[in-house]
Amino acid sequence: MSIAAVKADIAMASAHALVHSLLLLVLKSRLSAAATTNGSGPRRIVTRLIHRDSLLSPYYDPNSTIADRATQIVQSSTARLAYFEAKVLETSIHQLNLVPSFPELFVNFSLGHPPVRQLAVMDTGSNLLWVRCTPCRNCRGQATPVFDPLRSSTYSSVSCRTPSCSYAPGSKCDRSDHCIYNQTYYDGPSSRGVLSKDQLTFETWDDGAVTVPDVVFGCGHENGKFRDRRITGILGLGARMISMVSRLGSRFSYCIGNLTDPSYQYNHLILGEGAIFEGYSTPLDVVQGLYYVKLEGISIGQKRLDIDRNAFRKTRRYDGVVMDSGSPMTWLVEGAARVVHGEVRRLLDGVLERVPSGPSPLCYRGTVGRDLVGFPATTLHFAGGADLGLEAASVFYQASDDVFCIAVARSDVEGLSIVGLMAQQYYNMAYDVPGKKLSFQRIDCALLDE
Numbered sequence: 127m128s129i130a131a132v133k134a135d136i137a138m139a140s141a142h143a144l145v146h147s148l149l150l151l152v153l154k155s156r157l158s159a160a161a162t163t164n165g166s167g168p169r170r171i172v173t174r175l176i177h178r179d180s181l182l183s184p185y186y187d188p189n190s191t192i193a194d195r196a197t198q199i200v201q202s203s204t205a206r207l208a209y210f211e212a213k214v215l216e217t218s219i220h221q222l223n224l225v226p227s228f229p230e231l232f233v234n235f236s237l238g239h240p241p242v243r244q245l246a247v248m249d250t251g252s253n254l255l256w257v258r259c260t261p262c263r264n265c266r267g268q269a270t271p272v273f274d275p276l277r278s279s280t281y282s283s284v285s286c287r288t289p290s291c292s293y294a295p296g297s298k299c300d301r302s303d304h305c306i307y308n309q310t311y312y313d314g315p316s317s318r319g320v321l322s323k324d325q326l327t328f329e330t331w332d333d334g335a336v337t338v339p340d341v342v343f344g345c346g347h348e349n350g351k352f353r354d355r356r357i358t359g360i361l362g363l364g365a366r367m368i369s370m371v372s373r374l375g376s377r378f379s380y381c382i383g384n385l386t387d388p389s390y391q392y393n394h395l396i397l398g399e400g401a402i403f404e405g406y407s408t409p410l411d412v413v414q415g416l417y418y419v420k421l422e423g424i425s426i427g428q429k430r431l432d433i434d435r436n437a438f439r440k441t442r443r444y445d446g447v448v449m450d451s452g453s454p455m456t457w458l459v460e461g462a463a464r465v466v467h468g469e470v471r472r473l474l475d476g477v478l479e480r481v482p483s484g485p486s487p488l489c490y491r492g493t494v495g496r497d498l499v500g501f502p503a504t505t506l507h508f509a510g511g512a513d514l515g516l517e518a519a520s521v522f523y524q525a526s527d528d529v530f531c532i533a534v535a536r537s538d539v540e541g542l543s544i545v546g547l548m549a550q551q552y553y554n555m556a557y558d559v560p561g562k563k564l565s566f567q568r569i570d571c572a573l574l575d576e
């Protein structure tokens with residue numbers, strides 16, 4: 127596939143979008159008004175989150191082994207760390223070797239009118255919502271219909287002269303004044319196409335639906351090489367102006383239950399008003415759309431670990447501690463990881479057999495559910511007195527039938543730590559961007575089910 131061919135496809139899509147927008151302008155306004163109760167649309171969305179290994183997920187494999195799932199945890203976490211490393215080094219993502227992503231959480235919604243169902247990856251580490259659109263490169267064999275903007279009566283393209291275009295990744299103008307975006311990833315396929323607007327419809331807990339009109343999204347016509355055809359796009363939940371989070375008031379929360387239980391169906395996402403802010407609160411800092419928190423220390427049991435007080439301090443642009451939904455494992459700067467591993471060895475060496483050749487630096491013979499009963503809680507101490515308590519299942523993962531490993535690893539990125547998804551299970555995590563606050567509460571997500 128030549129660059130000229132790609133440009134020709136996108137130029138053709140842009141021309142089609144222009145004609146389509148002019149022909150359907152009046153009809154679009156009528157349908158948008160009918161789709162919602164007011165012109166600005168809903169201020170709150172509550173929808174289900176689907177974990178990769180859930181029975182609700184198209185990735186669910188009843189024949190998947192414990193070792194398969196452990197490989198997924200390590201590969202997904204490692205790819206995610208590499209993505210953040212590219213940001214720290216300010217490397218041009220275009221020059222990096224893109225590898226298949228290993229998504230963790232998904233959101234179902236429908237796009238356009240008539241609605242076309244989508245399965246998008248939820249990602250707090252990026253900002254743009256994008257889906258694959260026709261004409262499309264590398265879309266053959268997609269499990270669901272590819273979105274065709276020409277068939278949606280509520281679709282329109284975004285002009286280069288709008289503020290939205292200036293916030294789009296890799297944005298530039300084409301000859302028809304359309305905004306062309308180029309979203310690239312280290313840990314997954316890139317997406318390039320026309321920045322657009324259309325209505326999104328989310329399913330609610332009570333089997334109803336809520337529609338948001340005129341949502342800015344990327345209509346991707348050139349979309350990397352997906353390993354499979356089940357994903358249709360990415361729902362970026364970063365804090366920049368281009369994201370759905372900003373559209374709905376820059377407040378959202380998500381609740382994650384037991385990630386190892388495929389039958390658990392209460393994980394959910396709330397966007398906008400009604401995001402649940404309970405429990406501990408700690409200051410939140412947003413840098414380039416990423417969510418940073420101030421980690422002040424770590425305890426295991428009653429023992430506060432001897433970690434340099436400056437280990438987690440933010441001194442450079444991307445230094446510090448990021449809350450992330452894309453990495454299952456937690457990554458700590460070298461000094462902190464070494465101390466945590468040392469304390470785990472002190473507690474378990476001599477009690478359990480250490481396995482030197484496991485998939486993580488620290489593995490033992492046994493099972494998390496049986497051999498770690500009574501293992502002291504690990505606590506992440508954040509600024510403001512906010513303590514995130516982690517039980518054994520949030521700190522260790524089962525690597526095989528009789529081996530488990532630690533899910534806290536050493537970050538190869540100088541100065542950067544990442545609090546991963548396993549550390550967030552059994553919690554409702556709430557982000558208040560205008561208020562610069564992260565709140566979290568340990569709770570069964572079923573209790574928050576509406």
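Numbering (the working numbering), first residue to last: 127 to 576. Note that beta-carbon positions come from the ideal geometry of N, C-alpha and C, so glycine has one too.
| Item | Value |
| --- | --- |
| 9 Å Cβ cutoff met for CYS381 and LEU175 | yes |
| Cβ contact check for the stretch 460–472 and the stretch 552–570: 3 or more pairs under 8 Å | no |
| Nearest-angstrom beta carbon gap, LEU397 and LEU374 [assumed within contact, 8 Å] | 5 Å |
| Pick from ILE402, ASP450, LEU237, ASP570 that is closest to CYS345, judged by C-alpha positions | LEU237 |
| Alpha carbon of GLY350 to alpha carbon of VAL320, nearest angstrom | 15 Å |
| Spatial distance of ARG263 from TRP256 (CA atoms) | 15 Å |
| Reduced DSSP category for VAL465 - H, G, I as helix; E, B as strand; rest coil | helix |
| DSSP-derived helix/strand/coil call for VAL494 | helix |
| Own chain residues within Cβ distance below 6 Å of ASP179, not counting five before or after | PRO388 |
| Per-residue DSSP class, three states only, for CYS286 | coil |
| Contact between the stretch 235–254 and the stretch 268–275 (3+ Cβ pairs under 8 Å) | yes |
| Contact check, ALA97 vs PHE328, beta carbons under 9 Å | What is shown of the chain runs 127 to 576, which leaves residue 97 out entirely. |
| Top-ranked residue by Cα proximity to THR191, from LEU573, ASP527, VAL534 | ASP527 |
| Distance between GLY400 and VAL338 (C-alpha atoms, nearest Å) | 16 Å |
| First and last residue of the uninterrupted alpha helix (DSSP H) at ALA518 | 518–521 |
| Whole runs of the beta strand (DSSP E) within the stretch 394–433, excluding any shorter than 3 residues | 394–398, 406–413, 416–419, 421–426 |
| Straight-line Cα distance separating GLN567 from ASP513 | 10 Å |
| Buried/exposed call for GLU540, threshold 16 Cβ in 10 Å | exposed |
| Test item: CB-CB of MET367 and TYR293 under 9 Å | yes |
| For PHE501 and SER316, the rounded distance between their alpha carbons | 42 Å |
| Where ALA535 falls, given that 16 or more other Cβ within 10 Å makes a residue buried | buried |
| Straight-line gap, LEU254 to ASP450 (C-alpha atoms, nearest Å) | 16 Å |
| Between the CA atoms of HIS394 and ARG496 - distance to the nearest angstrom | 29 Å |
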